Structures are given as C-alpha cells and as structure tokens.
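Chemist: The structure that follows is given in the form of structure tokens.
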Amino acid sequence: MSRTRFQDFSVSLRWLVPVVASAALAGCGGNEDTTLADTGTTSSKAVVGKTLYPANRGYSLTSNEFRHLYGPGVFKMDALANTVVGVNGNYEQKVVNRFRATVSGTLQSVRIYWQTGRGYSSGNGGVIQLRLMPDDGSAQHLPNLSAKPLATARYIPGQQVSSSGAPVFTDIHFSSTQPIQAGQLYHLVMENLDPSPKANFISSNNGITVTANGRPARWTNTTDWATLLGTRPYGTTRALRWFDLTTNGASNNYYLPILQLNVSGGQVQGVANIEGGALDPKLIFTSTNNRPIREHFKPTATKRVSGLSFATAASVAGNLRWRILQGNTELASGQVHAPSPNYRAITTNSGNKVGGYSWYDVNLPHVVTLQAGQEYDIEFRPQGNSQWKFGDQRNGSAKGFARPAAFTESRAQHFQGNRWINTYHWNYNAPGSSDANWPVVLHLAP
C-alpha cells in the first residue's frame, strides 16, 4: 500500500477535526443497546449444540466468555478519529487509554498511532508525558492522578511532525516500572508538558464506529478498553472534566484506543486496527454471486467452532450463503436471508458517508474443528442477483503491531477475475498484502 494513499485516508475519514471539550461533547448519547438484531433470518442444515455468546452481556477482557471469541471482528472499526494531546481551542486536554490487564508483568513499551497534519498537530508536536496510573475505584473508573505512577515515559515527536498529515507509529519505552496484575484496571495518561502546548501538540488516533452501527466491541463492556478525555480551560487549575468517549461517544461516534502494550516476557496486549474500509462509495465492497469474499484462516492453536458472527447488509435483497471450507471440502454451511434491502449509507456529522451494517449470529449445524497450522476459509457468496456490502479493516501488522493486538491468524480475500486475491480496499482489482480482515468472529465451543 502506498504511503500517500494511507495519508489521504487518515485525513479524509476523521470527522472529529479535532475533538473539542466541554460544550461540544456535552449531551452525547451512549445508552444504545449494543445488541444489533438480525434484519434477515438464518438457515442452516441443522441447529444443534447451540453455543453463541450474546452481544449484550458486557463481557470482561479476562472473562471465560471473551476467551471463546476468536476472529478479527471482535473489535470492529469504521474509520479513525483523533484526540489532541495539548490545547485544543481554549481547552487543555489529557488523553487517557483505560485498559484491564490481561497479562501480568512490567510494562516495557507501548505502540501508539500518532496523527500529524493541520488540525491534528502543530509546531514540533510538544513534549508528551506518558504515565501508567492506577484506577481510582469510582463508578466512572477514572485515573487516580494523585497516586504514584507505575511507569513513566516521554515522547518528543520533533522532526516526526509533518504538515502533510503523515501517520507516525512508534514504540515508546518506559522506566521505573512497577508490575501490573492481570484483571486490574489501569490508565495510560498522555499529557503535553511543552511550555506552549497550544502551539506545539500532536494527536493520538482511535478506531471508531458510527453510533448507528453499534459499538466497536459489541461483546465487551465499555470499561475494559476505553478512551477518556480530561479537559479544563487552558491556563486554569480547575478540576478536570472527564468524558468517556467509548461509553458515551462523541459526535455520533464510539471510540476505541489503538494501542499495543508490550509487557515483560514478550507478552502483548492491545487492539491495533488502524484503517477501515467502510467509506461509501469509495471503499466499501459490493459482493455478488460471481464476486464472493472469504476470510482465510490459519490458526496457531486448534479451535473448536460452534458459532459464527459477521457484519454485512444487503443492498439487493436475497440470500447470502456462508460456508466453512478446508480446501474444497465443506465442513459446514448455511445462509442468511434479507427479504428486503437493509443496507444504507449513513451520513456522518462531517458529511462523509459510511456503510451501515447488521451483525448476523449463526449457530453452526455441528462443531467444526480447525486444526493448528492448517488453512481454512469462511466464504460468503450472495445467491442469485442478491448483493451484499462488506467493509474490511487493516490490522496494523504492516505498521509494526504484533499479535494478538493485530489479528494476523486470518486475512481478507475476494474473488477477482478467475482467482482469489488478498483484499486491498484502495483498489479491489489488484492483490493486496495480508493485513486486511473482514468482520468475522468465530464462537468457540466450551
């Protein structure tokens, strides 16, 4: 993928330019039901041994249920939105990534997606202090800023700041680290210590879904992986006013941090989806009977699959057939039905249009075992004249993010001409690399 196109996308699809404090965020919603009901029906050869994990239970990242969800669609994104670390307008902003640790050890470094360019950065980017702080134990789960930091680091963008809007992916290393414990909440607090934070600042990036499409992580709670914004009038010492952009959203978008935590012993935690293909009509993919799609899996550990979830919508009514294949051998199959078109292009606050989709949750007719190291396909083929829309996402592996923050055990493909090619949403006629995924989730049997 070319650098220029990546830059163009990262600027054109962010519709908070930039995030503003207080009044602009007041009154944001967030009480939307996270369960997206199927607008069609599901049909399979037989329905036995049902094991689907509902999307409205708010599972913790450390729960047994969450560990039984496998696939790139566990965390979904439509596009990007920035959060300014510095002074935005007349407000000082602290950006916080809240997370529940899934591993224990010392935090050695983090990898963050920084955004430069007009509206996203200025001057030399500032002096960004990062502190790992404990949770305050309140119902809001805010950072305890009066506590001693568990780890500290400093990031000085300097020459990395570009007026062209180039993205910056960098590892930031910590010192004076104290151990984190799996199951506990922590906060990565980013603040700008530059003497002139209004002139020198940079933005961190977040994955977003438009609120009409539901939350980016439909199976998890909004506490365990979240973006918070603390604001106050610049130049004052007032108490910070906090906004939870994951729970309540902002400007009709739900936020999710793009962050990789590198913990001692080579352990990795994070979510690294860095680009979405939902822009309509430029990027979204239209699948037809002679242009099916598939998610090509090669699991590193054996998986016993009992259910399947995927996000799509029909622009022309009809059936969408799904199959689980190993080579030419069909392991399971079924179809979903849309009696009328259920696809629509959602107009965002900035005037961009994003594809609207529904989640389809299907019990498999029987448990399917995917053996470690073997290759399998989850294929989706519209039937007859039916047409279905899919938006992919890029998992960050091409930009230095590692598994499991980047989901690299599968890749998006589509049928083009007379062959299957890796999907590249900037040009569906050309083969891409292996860093794109379709929104697919496999439910694992107990």
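What the sequence shown shows, in our numbering, is residues 11 to 456, in sequence order. C-beta: ideal position from N, C-alpha, C; glycine also. As the structure is a computational prediction, the values presented were derived from the model and not from experiment.
#1: Please list, in chain order, all residues of the same chain as His435 whose beta carbon is under 6 angstroms from its beta carbon, the five residues on each side excluded.
#2: Ordered along the chain, which non-local residues of its own chain (more than five positions away) have a Cβ less than 7 angstroms from that of Arg391?
#3: Assess contact between the region 113 to 131 and the region 244 to 258, defined as three or more Cβ pairs (one per stretch) separated by less than 8 angstroms. Is contact present?
#4: Could you check whether the region 377 to 395 touches the region 264 to 271, counting it as contact only if at least three pairs of C-beta atoms, one from each stretch, sit closer than 8 angstroms?
#5: Considering just the uninterrupted stretch of the beta strand (DSSP E) at Asn373, what are its terminal residues?
#6: I need the straight-line Cα distance from Ala31 to Gln103, nearest angstrom please.
#7: How should Ala7 be labelled, buried or exposed, when 16 other C-beta atoms within 10 angstroms of its C-beta is the threshold for buried?
#8: Can you list, in chain order, the residues of its chain with a C-beta nearer than 6 angstroms to that of Gln170? Leave out the 5 residues immediately preceding and following it.
#9: In the DSSP assignment, the beta strand (DSSP E) including Arg141 goes from what residue to what residue?
#10: When burial is assigned at 16 or more other CB atoms within 10 Å of the CB, is Pro205 buried or exposed?
#11: Report the residue from Asn447, Leu203, Arg248, Thr358 whose alpha carbon sits nearest the alpha carbon of Ala222.
#12: Applying the 10 Å Cβ sphere with the 16-neighbour rule, what's the burial state of Gln194?
#13: Where does Lys55 land, buried or exposed, given buried means 16+ other C-beta within 10 angstroms?
#14: What distance in whole Å lies between the Cβ atoms of Thr296 and Ser325, which are believed to be in contact at a cut-off of 8 angstroms?
#15: With a threshold of 16 other CB atoms inside 10 Å of the CB of Asp88, please say whether the residue is buried or exposed.
#16: To which residues does DSSP link Asp254 through a beta bridge?
#17: Please say whether Val97 and Leu239 have beta carbons closer to each other than 8 angstroms?
#18: Between the Cα of Thr256 and the Cα atoms of Thr230, Arg248, Gly275, which residue gives the shortest distance?
#19: Evaluate Asp445 with the Cβ neighbour count: other Cβ atoms within 10 Å of its Cβ, from every protein chain shown; 16 or more gives buried, anything less gives exposed.
#20: Spatial neighbours of Leu79 within its chain, please: CB distance less than 7 angstroms, with the 5 preceding and 5 following residues excluded, ordered by chain position.
#21: Short of 7 angstroms in beta carbon distance, which residues of its chain neighbour Asp146, apart from the five on each side in sequence? Order them along the chain.
#22: Under three-state DSSP, which class holds Pro291?
#23: Run through DSSP, which three-state label would Trp436 get?
#24: Can you give the beta carbon distance from Val199 to Arg251, rounded, assuming they're within the 8 angstroms contact cut?
#25: List the endpoints of the continuous beta strand (DSSP E) containing Phe307.
#26: Have a look at Tyr165 and Asn329 and give me their C-alpha separation to the nearest angstrom.
#27: What whole-angstrom Cβ distance do Gly175 and Tyr130 have, given they're in contact under 8 angstroms?
#28: For Glu419, name the three-state secondary structure that DSSP assigns.
#29: State buried or exposed for Ser368, treating a residue as buried only when at least 16 other CB atoms are found within 10 Å of its CB.
#30: Rounded to a whole number of angstroms, what is the C-alpha to C-alpha distance between Leu160 and Gln393?
#31: With a CB to CB cut of under 6 angstroms and the five nearest residues on each side skipped, what residues in its chain are close to Thr233?
#32: How far does the beta strand (DSSP E) with Asn92 in it reach, from first residue to last?
#33: Can you tell me the Cα-Cα spacing of Pro144 and Ala157, whole angstroms?
#34: Spell out the partners DSSP gives Gly317 in its beta bridges.
#35: Whole angstroms are fine: how far does the CA of Ser420 sit from the CA of Pro456?
#36: Could you work out which residue in Ser350, Asn352, Leu341, Ala91 is closest to Ser214 when comparing CA atoms only?
Modeler: Per the coordinate set shown:
#1: Residue 435 sits at position 425 when you count from the first residue of the sequence shown. If the five residues before and after His435 are omitted, its C-beta is found closer than 6 angstroms to the C-beta atoms of Gly287, Leu293, Asp402, all from its own chain and listed in chain order.
#2: As a position in the sequence shown, residue 391 is number 381, starting the count at 1. Take Arg391, set aside five residues on each side of it, and the residues of its chain with a beta-carbon closer than 7 angstroms to its own are Asn299, Pro302, Arg331, in chain order.
#3: No contact exists between the region 113 to 131 and the region 244 to 258.
#4: Verdict: no, contact absent.
#5: Here residue 373 refers to the residue found at position 363 of the sequence shown. Start and end: 368 to 380.
#6: Locating residue 31 in the sequence shown gives position 21, counting from the first residue. Locating residue 103 in the sequence shown gives position 93, counting from the first residue. Low confidence applies here, because Ala31 scores a pLDDT of 30, under 50, leaving its location unreliable; read the following figure in that light. Cα-Cα distance, rounded: 8 angstroms.
#7: Because the chain is modelled from 11 through 456, residue 7 falls outside the range shown and cannot be assessed.
#8: As a position in the sequence shown, residue 170 is number 160, starting the count at 1. Excluding residues within five positions, the ones whose Cβ falls inside 6 angstroms are Val178.
#9: Your numbering for residue 141 matches position 131 in the sequence shown. From DSSP, the beta strand (DSSP E) with Arg141 extends over 138 to 144.
#10: Walking along the sequence shown from the start, residue 205 turns up at place 195. Pro205 is classed as exposed because its beta carbon has fewer than 16 other beta carbons within 10 Å across all chains shown.
#11: Taking the first residue of the sequence shown as position 1, residue 222 is located at position 212. Checked all of Asn447, Leu203, Arg248, Thr358; the closest Cα to Ala222 is Thr358.
#12: As a first step, residue 194 must be located in the sequence shown, where it is residue number 184. Exposed, by the Cβ-count rule.
#13: In the sequence shown, residue 55 corresponds to position 45, counting from 1. The pLDDT assigned to Lys55 is 33, lower than 50, so where the model puts this residue is not dependable, and the model offers no usable value.
#14: Reading the sequence shown from its first residue, position 315 is the one you call residue 325. Reading the sequence shown from its first residue, position 286 is the one you call residue 296. With a Cβ gap of about 7 angstroms, Ser325 and Thr296 count as contacting.
#15: Within the sequence shown, the letter at position 78 stands for residue 88. Buried, since its Cβ has 16 or more Cβ neighbours within 10 Å.
#16: To locate residue 254, count along the sequence shown from 1; it is residue 244. Asp254 is bridged by DSSP to Leu238.
#17: Mapped onto the sequence shown, residue 239 falls at position 229. Mapped onto the sequence shown, residue 97 falls at position 87. Contact: no.
#18: Start at 1 with the first residue of the sequence shown, and residue 256 comes out as number 246. Nearest of Thr230, Arg248, Gly275 to Thr256, Cα basis: Thr230.
#19: Here residue 445 corresponds to residue number 435 of the sequence shown, with the count starting at 1. Residue environment: Asp445 is assigned as buried (16 or more neighbouring CB atoms within 10 Å of its CB, all protein chains considered).
#20: Locating residue 79 in the sequence shown gives position 69, where the first residue counts as 1. So the list reads Tyr63, Trp229, Val451, His453, once near-sequence residues are dropped.
#21: Counting from 1 along the sequence shown, the entry for residue 146 is found at position 136. Scanning its chain for C-beta atoms nearer than 7 angstroms, with the 5 sequence neighbours on each side dropped, one finds around Asp146 the residues Leu152, Pro153, Asn154, in chain order.
#22: Here residue 291 refers to the residue found at position 281 when the sequence shown is read from its first residue. Assigned with DSSP and collapsed to three states, Pro291 falls in coil, not helix or strand.
#23: Here residue 436 refers to the residue found at position 426 of the sequence shown. Of the three classes helix, strand and coil, the one that applies to Trp436 here is coil, per DSSP.
#24: Along the sequence shown, one-based indexing puts residue 199 at 189. Along the sequence shown, one-based indexing puts residue 251 at 241. With a Cβ gap of about 15 angstroms, Val199 and Arg251 do not count as contacting.
#25: Indexing the sequence shown from 1 puts residue 307 at position 297. Looking at the DSSP string, the run of the beta strand (DSSP E) that includes Phe307 is 303 to 307.
#26: Walking along the sequence shown from the start, residue 165 turns up at place 155. Walking along the sequence shown from the start, residue 329 turns up at place 319. Straight through space, the alpha carbons of Asn329 and Tyr165 are spaced by roughly 51 angstroms.
#27: Sequence index remark: in the sequence shown, residue 175 carries index 165 (1-based). Sequence index remark: in the sequence shown, residue 130 carries index 120 (1-based). So it is a contact: roughly 7 angstroms between Cβ atoms.
#28: In the sequence shown, the residue the question calls residue 419 occupies position 409. Looking at Glu419 - three-state DSSP - the assignment turns out to be coil, as it is neither helix nor strand.
#29: Reading the sequence shown from its first residue, position 358 is the one you call residue 368. Within 10 angstroms of the beta-carbon of Ser368 lie 16 or more other beta-carbons, which makes it buried.
#30: Position 150 of the sequence shown, counted from the first residue, corresponds to residue 160. Position 383 of the sequence shown, counted from the first residue, corresponds to residue 393. Rounded to the nearest angstrom, the two C-alpha atoms are 55 angstroms apart.
#31: In the sequence shown, residue 233 corresponds to position 223, counting from 1. Closer than 6 angstroms at the Cβ level, and outside the excluded window around Thr233, lie His151.
#32: The residue you call residue 92 lines up with position 82 of the sequence shown. Following the DSSP letters along the chain, one finds Asn92 inside the beta strand (DSSP E) bounded by residues 89 to 98.
#33: By one-based count along the sequence shown, residue 144 stands at place 134. By one-based count along the sequence shown, residue 157 stands at place 147. Distance between the alpha carbons of Pro144 and Ala157: 7 angstroms.
#34: Your numbering for residue 317 matches position 307 in the sequence shown. According to DSSP, which records beta bridges pairwise, Gly317 is partnered with Asn373, His453.
#35: Numbered from its first residue, the sequence shown carries residue 456 at position 446. Numbered from its first residue, the sequence shown carries residue 420 at position 410. Answer to the nearest angstrom: the Cα atoms are 22 angstroms apart.
#36: In the sequence shown, counting from the first residue as 1, residue 214 sits at position 204. When Ser350, Asn352, Leu341, Ala91 are compared, the shortest CA-CA separation from Ser214 is found for Ala91.
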